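**Q**
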Amino acid sequence: MYKPLMLAIAMSLGATAWAASPTPGNEPIQPIQPAKVVNASKVELGKQLFFDPRLSKSGFISCNSCHNLSMGGSDNLPTSIGHNWHQGPINSPTVLNSSMNIAQFWDGRAKTLKEQAGGPIANPGEMAFSHELALDVLRSIPQYRGAFKVVYGDDGVKIDDVTDAIAAFEETLVTPHSPFDRWLLGDATAISSTAQEGYQLFKSAGCVACHNGAAVGGGSFQKMGMVEAYATKNKAEGVAGLTGKDADRMMFKVPTLRNVELTYPYFHDGAYWTLEEAVDVMARLQLGRKLSTDEVGQIVAFLKTLTGDQPSFALPILPPSTAQTPRPQPFPVAN
Ligand code: HEC
Ligand code: HEC
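When we follow full-length UniProt numbering, the leftmost residue of the sequence shown carries the number 1, and every step to the right adds one.
#1: Where do the N-terminal and C-terminal ends of the beta strand (DSSP E) with PHE60 fall, by residue?
#2: With distance defined between alpha-carbon atoms, name the residue in LEU138, GLU132, ILE29, HIS268 nearest to PHE50.
#3: Give the list of continuous alpha helix (DSSP H) stretches no shorter than 4 residues that lie fully inside the region 265 to 299.
#4: Alpha carbon to alpha carbon, how far is LEU303 from GLY217?
#5: To which residues of the same chain is residue 336 closer than 8 Å at the C-beta, ignoring the five residues directly before and after it?
#6: Pick helix, strand or coil for HIS67, following the three-state DSSP scheme.
#7: Apart from the five residues on each side of it in sequence, which residues of its chain come closer than 6 Å, Cβ to Cβ, to LEU173?
#8: Near MET251, what residues of its chain come up, given a Cβ to Cβ distance below 6 Å and the 5 sequence neighbours on each side ignored?
#9: Which full runs of the alpha helix (DSSP H) of 4+ residues lie inside the region 139 to 206, going along the chain?
#10: Taking 6 Å as the limit between beta carbons, can you name the residues of its chain near TYR152, skipping five residues before and five after?
#11: Would you identify the three-state DSSP class for LYS114, choosing helix, strand or coil?
#12: Can you check whether the CB of THR263 is closer than 8 Å to the CB of SER98?
#13: Give me the residue from ALA229, MET71, GLN87 with the minimum Cα distance to PRO78.
#14: Is TRP85 near ligand 1, going by C-beta to nearest heavy atom under 7 Å?
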C-alpha cells in the first residue's frame with residue numbers, strides 16, 4: 001500500500017518538480033559520445049584542408065572563416081561574408097555535431113557531410129573557386145600529395161578524396177561532457193536548479209517535440225511559424241526552395257541546440273542576438289505560448305548547460321605553396 005502511493009507522488013512530482021532527476025535511457029535527449037577516430041592521418045589531412053584558405057579564389061577564406069572553431073563552429077554574423085565581401089543569403093550553421101544531422105544545410109539539400117563539403121569551394125558567393133583549381137593548388141604542394149598518398153594510396157588528389165577527408169575531420173567535431181550530459185549521466189549537481197526547471201519546462205511546453213536526440217535538434221524538418229508566421233526580410237523559403245511545393249514553405253532543418261550559447265545570432269536569418277529573444281519567439285510562433293520572464297530565464301539557463309567540450313587541438317601548420325601553386329586573386333583583376 002505504502003510503496004505505490006510513494007511512487008504515485010514521486011511521479012506526479014516528476015512532472016513538475018525541478019528536483020526531478022533524469023531517468024537514464026528514458027529522456028528525449030541523450031548524452032553526446034566522444035568521437036572515435038578510426039583513421040588519424042585522414043582526420044589530420046581533413047583538418048588541414050578545413051583550415052586552408054588556398055581552397056578559395058582569394059586565398060583568404062577557409063571553411064574555418066565561416067565555421068570558426070574558436071567561436072562554436074559559426075561566424076557569429078547574421079549572414080556570412082563570402083568572396084569579395086559578398087553578403088551571404090543565410091546564417092551559417094555550426095559545424096559542431098553536424099555529423100548527427102539528418103541532412104546538411106537549412107533545407108537539407110546535401111545528404112552527407114562529404115556531399116556538403118564540395119559545395120562551398122565552388123560557390124561564387126563563398127570561396128568562389130573551382131574544384132579543378134583547388135585540386136591544382138593541392139597537387140602543386142608536395143606535402144599534400146604525400147598526405148593524400150598515405151591516406152588514399154594515390155597522390156593524384158581527387159575532389160572525392162578532398163571532401164572525404166574534410167568530412168572525416170568534421171565527424172570528430174563533437175562536443176561531449178556538457179554539464180547537461182553529466183547531469184543526464186547521474187551527476188545531480190552538474191546543473192543548477194534553475195536549469196533543471198528549464199529542462200522540465202522545455203519538455204512540458206513541447207520544445208522537445210522538435211529539439212530532441214543527442215544533438216537536441218538536427219533530426220527533422222519543421223515549419224518555422226507553426227502557430228504564427230515568422231516575420232523576416234530574408235528570402236529563404238526552406239525546403240520549398242528545392243521542391244517548389246507550397247507545403248514546404250518555411251520548412252527548415254531544426255537546428256541543433258548543442259552549444260547554442262556560442263552560436264548567436266539565431267534563426268536562418270540571424271535576426272535575433274540573444275537566447276532570451278529566440279526562446280520567446282519559439283514559444284510564441286511554434287507553440288502559441290507566451291512564456292513569463294522567469295520561464296524564459298529557466299529555459300535559457302538550461303540551454304546554456306548544453307555547451308560541451310569544444311574541439312581542442314594544435315592549429316594545423318599548412319605546407320607552403322610552391323612556384324607551381326596558382327596564385328590567389330584576392331581582388332578583382334584590372335584589365
Ligand atoms: C562564406 C562562408 C562559408 C564558407 C567559406 C563555408 N561555409 Fe559552410 N556554410 C555556410 C553557410 C551560410 C551555410 C548554410 C547554407 C544553407 O543552408 O543554405 C553552411 C553550411 C554548412 C554545413 C551544414 C551544417 C548544417 O547544420 O546544415 C556544413 C557541414 C558546412 N557548411 C561545412 C563547410 C565546409 C567543410 C567548408 C569548407 C570546404 C565550408 N562549410 C565553407 C557558410 C560557409
Ligand atoms: C515545431 C517544431 C519546433 C518547436 C516546437 C520548437 N522549435 Fe525551436 N526551432 C525549430 C526550427 C524549425 C528552428 C529554425 C527556424 C529558423 O531558423 O527559421 C528552431 C530554432 C530554434 C532556436 C535557434 C537556434 C539557432 O541556432 O538558430 C532556438 C534557440 C530554439 N529553436 C529553441 C526552442 C525552444 C526553447 C522551444 C520551446 C519553447 C522550441 N525551440 C520549440 C523548430 C521547433
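Just so it is clear, CB atoms sit at the ideal spot from N, CA and C, and this is done for glycine as well. These numbers were taken from a predicted model, which means no experiment stands behind them.
**A** Answer, in terms of the structure:
#1: Within the sequence shown, the letter at position 60 stands for residue 60. Per DSSP, PHE60 belongs to no beta strand (DSSP E) and is neither H nor E.
#2: Here residue 50 refers to the residue found at position 50 when the sequence shown is read from its first residue. Ranking LEU138, GLU132, ILE29, HIS268 by Cα distance to PHE50 puts LEU138 first.
#3: Qualifying alpha helix (DSSP H) stretches, in chain order: 275 to 287.
#4: The residue labelled residue 303 in the question sits at position 303 within the sequence shown. The residue labelled residue 217 in the question sits at position 217 within the sequence shown. Whole-angstrom Cα-Cα distance: 12 Å.
#5: Because the chain spans 1 through 335 in this model, residue 336 falls outside it and cannot be assessed.
#6: In the sequence shown, residue 67 corresponds to position 67, counting from 1. HIS67 falls in the coil class under three-state DSSP.
#7: As a first step, residue 173 is located in the sequence shown; it is residue number 173 there, counting from the start. These residues qualify, in order along the chain: VAL95, LEU96, PRO311.
#8: Numbered from 1 along the sequence shown, position 251 holds the residue referred to as residue 251. Cβ within range, chain order: PHE221, LYS223, GLY238, VAL239.
#9: 142 to 152, 159 to 171, 179 to 184, 193 to 205
#10: As a position in the sequence shown, residue 152 is number 152, starting the count at 1. Non-local C-beta neighbours of TYR152 in its own chain, meaning closer than 6 Å and more than five positions away in sequence, comprise ASP161, ordered along the chain.
#11: Here the question's residue 114 lines up with position 114 in the sequence shown. Helix, per DSSP.
#12: Taking the sequence shown and counting its residues from 1, one reaches residue 98 at position 98. Taking the sequence shown and counting its residues from 1, one reaches residue 263 at position 263. Not closer than 8 Å, so no.
#13: Along the sequence shown, one-based indexing puts residue 78 at 78. The candidate whose alpha carbon is nearest that of PRO78 is GLN87.
#14: Here residue 85 is taken as the residue at index 85 of the sequence shown, counted from 1. No; taking the cut-off as 7 Å, the Cβ of TRP85 has no heavy atom of ligand 1 nearer than that.
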